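Colleague: Residue numbers (the working numbering): 3 to 768. Sharing a structure here in structure tokens format.
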């Protein structure tokens, strides 16, 4: 298998090297040049660092600090020149280039409060204008990361409709992302469109990815198995890493002080370097995070882990021709976290200790080609990630609770798209692709007499056709998967329709299906401490696959009230789960550890409504808010403990939750932002230990509010300094009935992850 993987890499490199001559042949000595400038339509001032590209080629550059640009030796013929910048409307102009001639081309750009014309890739696996997609795609951008003062992915993802981020363990701080009320393992997390986020990576992965390496995050709610395979029942989260645009350097540091005086320090160093001819570039990123442990109720047991995390990596490109590009990405993450009591002592000398030491190395290689006539598109890609984890999950000073985990994920695939001028009744784009994924997991916990040896191999073939016009988009497609842990080939269809009776109205309906194989998931690789005992998860020998059917309908409305821009999205969703996975206590094993068994419940229904409102006046203020109302129930009452009455309501799924962000430019240099999350009441499980018997608890509702102020100093024409500060969770909303002592239930935790925390930051940019 590994031999085939490396042969695939060799094929990609050979194709790229073979096409390098094309670049020289097409651009050598044409002397067809464009020069010009970019100015703001209202202020008439020059705009620096605007991206200028030749559409449907890899040719492009970034304007200089004075707002001027010069494109040289362009291919002769007719071309569309595109000017793009964050916060500004995209502008296109068409020109005809002739050998030996230089022309002047100037751009005027207007402010765009909300990036309605963003290009996204997750909707159809092809680059598509967000407003014109048949599927709703939400985008978390660098602007959101800045507004909310986020340092990692976990801190920012709750500011999207239908999404919740929650801490699921008070000892080790495991975090999961819920989409439309479904558990984290129902969502497929992609890195640059590649599914290398394995079950092991999903346990702590959201906190391990710094926003410094992320360009944007694309979110699709609802089933995505038709394009992205298993586990995409709840939705798809596609993390797009940063690509170099111009020569730049940034150094930032943020100090966070919790209400107890415990601190967290985040330091980042990032650089972007691009060659003079714009054929090659690299973006380098690095971050160090150091956090003290936090004990809310002063019982000597942590409620927030201590942590030391280091991340570094790069994303680089080489343009092998005007119509092809090779992209490479690499990341290394090392993280140590410790929770429980006596955290300065070895873990086996503590009453409760959860200690995890990760060493992660991953990367990808991708080659893209699009033909000069913009009809053919080819994408060859491969990626890999290896994880080594040393762990201790133990209670009662157990000397045998150490464990070791090795995890290897490999992905390789190819995709081809063809654009029809007319297919039956409309222009269309046909896409076909093949993807092979391999995951080898070996988790050994000697004290628990448990070894998980799991190899998952999935081969997938997907096809889709998208008919598109200004008013109508219609997508129909499906994916065939052969999963080695399932007997039969799985077919996952999808259908999406967008109808726009007016340019400011988008009506969408969609259907998709999905599945989950009977395999170990992220929570199986984490061991809970309950009643001074360890709790582990086992799979029912008769566990069957889980299937889903998802439906949604939405209205996406845009309107300008003078200078006020507005966007309202209302979406209804309905998901049916057959043979849904559930957990129940089934006793203790010979070693005295609590056993929870994953079995097939009767089925479940998740239905609800998402609403999102965006308002803004360009360069003055922006406001965004989202609200979700939902119901999540099993078809029949399910019993999780012998001592608790069976219920139909799914646990940890509030009926109401919401978010908002608001930012205002008080002056050109001074900016203020206010942000928050609301979580309504929900039902959670509370295991015996600190309390006498198991019981189901109805939690109170929470508001988690934050404030940030920032001021920018322009030290020189090219050097800037930002000073920022504020407070997160300034109401200090926090769970007030956390269990105390060694017999605590570590998974009885809910509400905001951080207490009231003050922060102060500095950032230099060059």
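Where a beta carbon is used, it is the ideal one built from N, C-alpha and C, also for glycine. From a predicted model like this one, the values you see are computed outputs, not experimental measurements.
Who are the Cβ neighbours of residue 24 in its own chain at under 8 Å, not counting the five residues just before and after it?
Modeller: Per-residue confidence for residue 24 stands at a pLDDT of 42, beneath the threshold of 50, marking its modelled position as unreliable; the derived number appears in the next sentence. Result list for residue 24: 322, 323, 324, 325, 326, in chain order.
Colleague: Please classify residue 638: is it buried, with 16 or more other beta-carbons within 10 angstroms of its beta-carbon, or exposed?
Modeller: With fewer than 16 Cβ atoms within 10 Å of its Cβ, residue 638 is classed as exposed.
Colleague: Using only the alpha-carbon positions, how far apart do residue 711 and residue 263 sit?
Modeller: Between residue 711 and residue 263, the C-alpha separation is close to 21 Å.
Colleague: What's the C-alpha gap between residue 462 and residue 483?
Modeller: Answer to the nearest angstrom: the Cα atoms are 4 Å apart.
Colleague: Assuming residue 289 contacts residue 313 (C-beta within less than 8 Å), just tell me the rounded distance between them.
Modeller: Confirmed, about 5 Å.
Colleague: Of the choices 476, 344, 584, 415, whose alpha-carbon is the least far from that of residue 426?
Modeller: Measuring from the Cα of residue 426, the nearest candidate turns out to be 476.
Colleague: Determine the extent of the beta strand (DSSP E) in which residue 436 is found, giving its start and end residues.
Modeller: Its beta strand (DSSP E) spans residues 428-447.
Colleague: Would you say the stretch 213-227 touches the stretch 237-246, given that touching needs at least three Cβ pairs under 8 Å?
Modeller: The stretch 213-227 vs the stretch 237-246: in contact.
Colleague: Could you check the C-alpha separation between residue 661 and residue 626 for me, to the nearest Å?
Modeller: The straight-line gap from Cα to Cα measures roughly 8 Å.
Colleague: Given this structure, state the Cα-to-Cα distance separating residue 470 from residue 136, to the nearest angstrom.
Modeller: When rounded, the distance between both Cα atoms is 9 Å.
Colleague: What is the C-beta distance between residue 480 and residue 494, in whole angstroms, given that I count them as a contact (C-beta under 8 Å)?
Modeller: That pair is a contact at about 6 Å.
Colleague: Starting from residue 148, trace the alpha helix (DSSP H) in both directions and tell me its first and last residue.
Modeller: Its alpha helix (DSSP H) spans residues 144-149.
Colleague: Could you check where the beta strand (DSSP E) with residue 598 kicks off and where it finishes?
Modeller: Note, residue 598: beta strand (DSSP E), 596-602.
Colleague: Residue 430 and residue 381 - do their beta-carbons sit closer together than 8 Å?
Modeller: Their beta carbons are not under 8 Å apart, which means residue 381 does not touch residue 430 by this criterion.
Colleague: Between the C-alpha atoms of residue 11 and residue 104, what's the straight-line distance to the nearest angstrom?
Modeller: Low confidence applies here, because residue 11 scores a pLDDT of 38, under 50, leaving its location unreliable and the question unanswered by this model.
Colleague: Let's see if you can read the secondary structure: which residues bound the beta strand (DSSP E) around residue 615?
Modeller: Its beta strand (DSSP E) spans residues 605-619.
Colleague: Does the Cβ-Cβ distance between residue 445 and residue 454 come in under 8 Å?
Modeller: Contact: yes.
Colleague: Counting only the same chain and skipping the five closest in sequence on each side, list residues whose C-beta sits under 6 Å from that of residue 675.
Modeller: Correct list, in chain order: 149, 665, 710.
Colleague: Taking the continuous alpha helix (DSSP H) assigned at residue 665, which residues delimit it?
Modeller: Element bounds for residue 665: not the alpha helix (DSSP H) but the beta strand (DSSP E), 658-667.
Colleague: If you run the structure through DSSP and keep just helix, strand and coil, what is residue 671?
Modeller: DSSP places residue 671 in coil when its eight states are reduced to three.
Colleague: With a cut-off of 8 Å on the beta carbons, I'd call residue 84 and residue 32 a contact; round off their distance for me.
Modeller: Not quite, the Cβ-Cβ distance comes to about 20 Å (not below 8 Å), so this is no contact.
Colleague: Would you mind giving the Cβ-Cβ distance between residue 413 and residue 385, rounded to the nearest angstrom? I have them listed as a contact below 8 Å.
Modeller: Rounded, the Cβ-Cβ distance is 5 Å, consistent with contact.
Colleague: Decide yes or no for the touch test of the stretch 722-739 against the stretch 697-707: beta carbon pairs closer than 8 Å, at least 3 of them.
Modeller: As far as the Cβ criterion goes, the stretch 722-739 touches the stretch 697-707, which means the pair count is three or higher.
Colleague: In chain order, which beta strand (DSSP E) runs of at least 3 residues are fully inside the stretch 164-231?
Modeller: Taking only runs of at least 3 residues, the beta strand (DSSP E) segments lying wholly in the stretch 164-231 are 165-169, 177-181, 189-193, 216-223.
Colleague: Can you tell me whether residue 277 is helix, strand or coil according to DSSP?
Modeller: Note: residue 277 maps to coil in three-state DSSP.
Colleague: Please state whether DSSP places residue 325 in a helix, a strand or coil.
Modeller: Residue 325 falls in the coil class under three-state DSSP.
Colleague: Relative to the alpha-carbon of residue 562, which residue among 668, 260, 618 has its alpha-carbon at the smallest distance?
Modeller: Cα-wise, what sits closest to residue 562 is 618.
Colleague: Does DSSP classify residue 639 as helix, strand or coil?
Modeller: In the structure shown, residue 639 sits in a strand (DSSP, three-state: E or B).
Colleague: Taking residue 377 and residue 420 to be in contact with their CB atoms under 8 Å, please state how far apart those CB atoms are, rounded to whole angstroms.
Modeller: So it is a contact: roughly 6 Å between Cβ atoms.
Colleague: Tell me which same chain residues have a C-beta within less than 6 Å of the C-beta of residue 388, skipping the five on either side of it?
Modeller: The residues are 363, 410.
Colleague: Please go through the same chain and pick out, in chain order, the residues whose beta-carbon is closer than 6 Å to the beta-carbon of residue 760, but skip the five residues on each side of it.
Modeller: Hits under 6 Å: 259, 729.
Colleague: In whole angstroms, what separates the C-alpha of residue 29 from that of residue 53?
Modeller: Confidence in residue 29 is poor, its pLDDT being 43 and thus under 50, which makes the residue's placement unreliable; the coordinate value appears in the next sentence. If you take the alpha carbons of residue 29 and residue 53, they lie about 20 Å apart.
Colleague: When the Cα of residue 265 is compared with those of 253, 279, 297, which residue comes out closest?
Modeller: For the residues 253, 279, 297, the minimum Cα distance to residue 265 belongs to 297.
Colleague: If you follow the beta strand (DSSP E) that residue 393 is in, where does it begin and where does it stop?
Modeller: Here the beta strand (DSSP E) through residue 393 covers 378-397.
Colleague: Please report the distance separating the alpha-carbon of residue 252 from that of residue 272.
Modeller: In a straight line, the C-alpha of residue 252 is about 5 Å away from that of residue 272.
Colleague: For residue 575 versus residue 609, is the C-beta spacing smaller than 8 Å?
Modeller: It is a contact, given that the beta carbons lie within the stated cut-off.
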